[in-house]
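So the structure is just underneath, and the comments pick up after that.
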Amino acid sequence: RLLAPVDAPLLIWTSRPTPFLSLALRGLMSWWEEEKYEAGIKWKFLEHKGPYFPPEYNPLPENLNFYYNGEKLKLGLRAEEVALYFAQMLDHEYTTREVFRNNFFKDWRKEMTLEERMLITDLEKCDFGEYHNFHKQKVEERKNRTKEEKQVLKEANQKITDEYGFCMLDHHRERIGNFKIEPPGLFRGRGDHPKQGLLKKRIRPEDVIINCSKESHVPEPPAGHQWKEVRHDNTVTWLASWTDNVQGATKYVMLNANSKLKGEKDWEKYEVARQLKSRVDGIRAQYKDDLKSKQMGTRQRAVALYFIDKLALRAGNEKEEGETADTVGCCSLRVEHIMLHDSLDGEKCVVEFDFLGKDCIRYYNKVPVTKRVFKNLKLFMENKQPGDDLFDRLNTGMLNKHLSSLMPGLTAKVFRTYNASITLQQQLKELSNGEDPPEKLLSYNRANRAVAILCNHQRAPPKSFEQSMANLQAKIEGRKEQLTLAKAELKKAKKEAKGNSDTKLQFVVEKKKKAMQRCEEQLLKMEVQATDREENKEIALSTSKLNYLDPRISVAWCKNMEVQLDKIYNKTQRDKFAWAIHMTEKDFEF
DNA sequence: GTCGAGACTTAGAAATATGCCG
DNA sequence: CGGCATATTTCTAAGTCTCGAC
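What follows is the structure, encoded as structure tokens:
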């Protein structure tokens, strides 16, 4: 375990607690300048108002009807509410899926009265049309709200945030990340999820555990209700929790990313990754050596580590079958997920990966590997069925146990952080040659993009992508014409001014020149933007920026390149990375 | 060693806000 | 100044990893 980040300013000031404490107490110090608590203790004082509950169900107007088999039918309140969840989603592809429909129907029937259940036995015979239209109408109304109405709503929301969105943690007033209890609805899993469509039930105060300090004012449950439990556990960071009925998982109310608790953890994460930097050569030498081991388990571990390091694959924990979509990571790869090519496209020993990873995002890649890795893979695949585990003698527990013996704090995911950050740093060095601001930004985005590609961070292309590209192209053409015109005018003005000492004419030349240059600049800016956008069509940059790239690399780059920080980090991101912005100098090296 | 619960980070989609252009 | 594209925020699912019971 790390006690303190490697090159952190001196944090442990136990020898002079008084001035330190008073500053901290008065809120004059930033958290990254404060002393840390002993291992495992996350806070000494925690006070909050409890989570915010969504409004109760508001019954539909009397005149709205549901039809079963063409017959008008008045549903009871509970059945009506759940039916509306489904009706609201009718425009979504989800509601056409067999699994979604069956799951919904099964759970919906549980909410029905006995009579309703006797009657309604076939989802195909259900007509939610009026519910659906009612919902669409509501959405339309929401869209058409006047400025004044929007303002009123905004203020009401702000009031809720002011009251429930903050807590006191030690001497800091901190923003809470998700202080709103998740509203009920139909479960929307990603990809081919076996539980899609199941009813996600309404959470009541009786389901919620509150965590706060003993000496704090315990939050009041909503009128007429009780909390499930109030506990005072300062070894955890959550303020409230409940169990989700669909997956049986615990959900938490936690602090915002700009908080002390989250920030410290983030900082520590990058410090561990930097430690890996200085040890990675040795670790690579070792797993290369392990490829020859007599122990099959060791060899499998070595190949897995090779993939995790080279391709930034996730660890790949086992998953409970039938509970989630069928996705894999490194350790859970199956024989069917890779194909071996002795030679492909002029390269030798090529492994072709094709599998669904986290969030059912497809990982597809063709990678040349070393002979030894290739031979090992052949061996691991011998006499196996497509559905068998590739690494049958390995799991994430064993892998991480081994890693933590190589370096304290080292786990599989540290390689992702390390490789992402080091790639950004290298790319920024290679790509940036002092140019115009838009070109510098393009370089930054390209470096970011290299990381996003490494980590396989994808997105659905924006709906209006083609249109917006075409618009931009048209604008570029327009600007080009304008530039030609501007150039011609400049030439003309120069000609007129030549051999003429009239300062007025000289002045005109200057003016035309400026106009031409401005035009040129704008054209360049647009062309750069077009390139950037095209390259970014199916790549999501935000995930790596937020979770994998040591912000100090970016802050140092901005300082060196004289780029405004807000060109690469928006307000939220600057808040989250305040610690890095505060402490980073030009010479920072990851 | 194995297993499941628990706690926390990482993820892309969807909703909402912003701002730009005619 | 309104409509639309883009940027930001919100939402919550889906991972990783640790720990304690057996």
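Start counting the first sequence at 1; every next residue gets the next number (UniProt numbering).
The beta carbon of each residue, even a glycine, is placed where N, CA and C say it ideally should be.
Straight through space, the alpha carbons of Leu255 and Thr572 are spaced by roughly 14 Å. Thr250 has its alpha-carbon roughly 19 Å from the corresponding atom of Lys42. Taken through DSSP and simplified to helix, strand or coil, Phe66 comes out as strand. Gln295 sits exposed, since fewer than 16 C-beta atoms from the chains shown fall within 10 Å of its C-beta. Taken through DSSP and simplified to helix, strand or coil, Gln458 comes out as strand. In the structure shown, Glu347 adopts extended strand secondary structure according to DSSP, grouped into three states. Annotation: Ala556 is outside any beta strand (DSSP E); the continuous alpha helix (DSSP H) that includes it extends over Pro551 to Met561.
Beta-bridge analysis with DSSP links His172 to Leu169. In the DSSP assignment, Asn211 forms a beta bridge with Arg231. Taking C-beta atoms under 8 Å as the contact rule, Leu523 and Arg479 qualify, at a distance of about 5 Å. Scanning its chain for C-beta atoms nearer than 8 Å, with the 5 sequence neighbours on each side dropped, one finds around Cys519 the residues Arg479, Gln482, Leu483 and Ala486, in chain order. Your pair Asn258 and Lys44 does not check out as a contact, with CB atoms roughly 20 Å apart and the cut at 8 Å.
By the CB criterion at 8 Å, Ile209 and Arg231 fall inside the cutoff.
When secondary structure is reduced to three states using DSSP, Asp122 falls in the coil class, being assigned neither helix nor strand. As computed with DSSP, Gly322 is found in no beta bridge at all. For Trp242, the enclosing beta strand (DSSP E) starts and ends at Ala240 to Thr243. Cβ contact annotation for Val508 (same chain, cutoff 8 Å, sequence separation greater than five): Ala493, Glu496 and Ala497, in chain order. Across the structure, Arg334 and Lys378 are spaced so that their CA atoms are roughly 13 Å apart. Taking a cut-off of 8 Å for Cβ pairs, the region 461-471 and the region 532-541 touch, as three or more such pairs fall below it. Residue nearest to Asn245 within the set Glu382, Thr146, Lys201 and Pro222 is Lys201 (criterion: CA-CA distance). In the DSSP assignment, Arg97 falls outside any beta strand (DSSP E), carrying neither H nor E.
Around the Cβ of Thr327, a 10 Å sphere holds 16 or more other Cβ atoms; the residue is buried. With fewer than 16 other beta carbons inside 10 angstroms of its own, Ser343 counts as exposed. When the five nearest sequence neighbours on each side are left out, the beta carbons in the same chain lying within less than 6 Å of the beta carbon of Phe380 are those of Leu390, in order along the chain.
At least 8 Å separates the beta-carbon of Gly263 from that of Trp557. Segment contact: the region 42-62 against the region 210-226, three or more CB-CB distances shorter than 8 Å; contact assigned. Excluding the 5 residues flanking it on each side, Leu356 has same chain C-beta neighbours closer than 8 Å at Gly191, Ala325, Asp326, Thr327, Val328, Arg362 and Tyr363, in chain order.
The beta carbon of Gly165 is closer than 7 Å to those of Arg175, Ile176 and Phe179 in its chain, skipping five residues each way along the sequence. Contact between the region 399-419 and the region 274-283 is established, with three or more Cβ pairs separated by less than 8 Å. Glu538 carries a coil assignment under DSSP once its states are collapsed to helix, strand and coil. Here the alpha carbon of Pro437 sits roughly 15 Å from the alpha carbon of Tyr569.
When secondary structure is reduced to three states using DSSP, Gly185 falls in the strand class.
Using a 10 angstroms sphere on the CB of Val272, the tally of other CB atoms reaches 16 or more, which defines it as buried.
In the three-state DSSP reduction, Asp502 falls in the coil class, being neither helix nor strand. Taking each of Glu562, Thr531, His582 and Val99 in turn and checking the Cα distance to Pro551, the smallest one comes out for His582. Around the beta carbon of Pro205, 16 or more other beta carbons lie within 10 angstroms, which makes this residue buried.
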